[in-house]
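Reviewing the structure listed below.
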Amino acid sequence: MAGLSCGEVSLIAWDILVLGADHFLTINDDPVGPLMARLARGSNGGARIVAGEAAVAGLAGCIAARSDAELSRMLELDDNARVLVFGTEGATDLDVYRQLVGNAADGLIKTL
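FYI, in our numbering the residues of the sequence shown are 131 to 242.
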């Protein structure tokens, strides 16, 4: 999952992002595969989504923040919060996708 292996904030990007961002956080790789699989299955009658590793990073960060009371308070993430998460990457590496999700993305795409 080299796409998530950033290590630190890009100073070039941060010069732009700092103008509109109040916070940022890092995540580890642990929730990535399970979140990709959860999106691939769909839930509560929702659409199944083929999302790559980087596509679930924002969702993983939101879930991690929500499970930390102090961070939730600081970010104003409560039961009434509305969160918009962009995931702009599909299964860019089919072998990695299959390894993390447990099934092939191409088969899922054909059934959608």
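For glycine and all other residues, C-beta sits at the position ideal for the given N, C-alpha and C.
Item, Value
"ALA211, buried or exposed, once every other Cβ within 10 Å from all chains shown has been counted against 16", "exposed"
"Continuous alpha helix (DSSP H) assignments of at least 4 residues falling wholly in the stretch 159-213", "162-171, 187-196 and 199-205"
"Short CB-CB distance (under 8 Å) between ARG178 and chain B", "Here there is only one protein chain, and chain B is not present."
"LEU224, enclosing alpha helix (DSSP H) - first and last residue", "224-231"
"Per-residue burial, GLU183 [other beta carbons within 10 Å of its own, 16 or more giving buried]", "buried"
"Proximal residues to THR222 (C-beta, below 6 Å), its chain only, five neighbours per side dropped", "GLY182"
"Beta-carbon proximity list for PHE216, same chain, < 7 Å, skipping 5 on both sides", "GLY188"
"Unbroken alpha helix (DSSP H) run spanning LEU147, endpoints", "141-147"
"Coarse secondary structure for ALA235, derived from DSSP in three states", "helix"
"Test item: CB-CB of VAL162 and VAL139 under 8 Å", "no"
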